Amino acid sequence: MPLAYWCVLVAALLPLFWAGYAKAGGTVDNHCPRESTGDLPPKHRRAYAAHYNAYENLPFFAAAVIIAVTQGAAISTVNMLAVMYVALRVVHGILYVINQSTARSIVYGLALLANIVIFVLPVFK
810 MPLAYWCVLV AALLPLFWAG YAKAGGTVDN HCPRESTGDL PPKHRRAYAA HYNAYENLPF
870 FAAAVIIAVT QGAAISTVNM LAVMYVALRV VHGILYVINQ STARSIVYGL ALLANIVIFV
930 LPVFK
């Protein structure tokens with residue numbers, strides 16, 4: 810199984826890490842967590858935002874990896890780009906938590922670019 814598929818798993822679990830970190834920052838009513846996150850300290854509210862952003866970006870990444878692998882893109886290139894994507898998404902979350910908005914946006918753009926490249930790799934096989 811390609812390393813890129815394992816990267817999809819890591820990317821799928823990443824939002825849970827950010828949510829866990831956010832909830833560790835205060836009291837969150839697990840019956841209505843979205844309503845109580847506003848009471849968290851700013852760093853933990855940003856972690857919750859990173860949680861949402863990670864989920865929002867997961868479908869495109871998963872689809873890009875599956876499409877690239879099944880359509881014959883070079884596995885080594887897909888693997889490298891998938892690892893880069895996951896690393897960038899981890900950095901993105903960290904930058905979100907520590908409130909570095911410009912750097913976060915740059916890293917977001919780089920991760921998006923990596924994802925687009927993964928998606929279009931089969932065109933160049």
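Residue 810 is where the sequence shown starts when you use the working numbering, and the numbers rise one by one after that. Even for Gly, the Cβ is constructed at its ideal location relative to N, Cα and C. These figures come from a predicted structure and were not determined experimentally.
Closest Cα partner of residue i within the set the options
i    : options                : result
A891 : C841, P824, L919       : L919
V837 : L921, V900, R854, R913 : R854
Y861 : D848, A882, N924, V906 : V906
A813 : Q880, N888, A871, Y857 : N888
R913 : V899, T879, N924, S885 : V899
N924 : K934, S845, C816       : C816
K934 : P842, S885, L897, N908 : S885
Any non-hydrogen atom of the ligand ZN within 8 Å of residue i CB
i    : result
T879 : Of the ligands one can find in the structure shown there are none, so the ligand ZN has no counterpart to examine.
Whole-number beta carbon distance between residue j and residue i, since they are thought to touch under 8 Å
i    : j    : result
L930 : A882 : 4 Å
For a minimum of 4 consecutive residues, which ranges assigned as the alpha helix (DSSP H) are wholly contained in the segment 829-889?
842-845, 851-879
How do the segment 829-836 and the segment 865-880 stand: do at least 3 beta-carbon pairs fall below 8 Å, yes or no?
No: the two stretches stay apart, fewer than three of their Cβ pairs being nearer than 8 Å.
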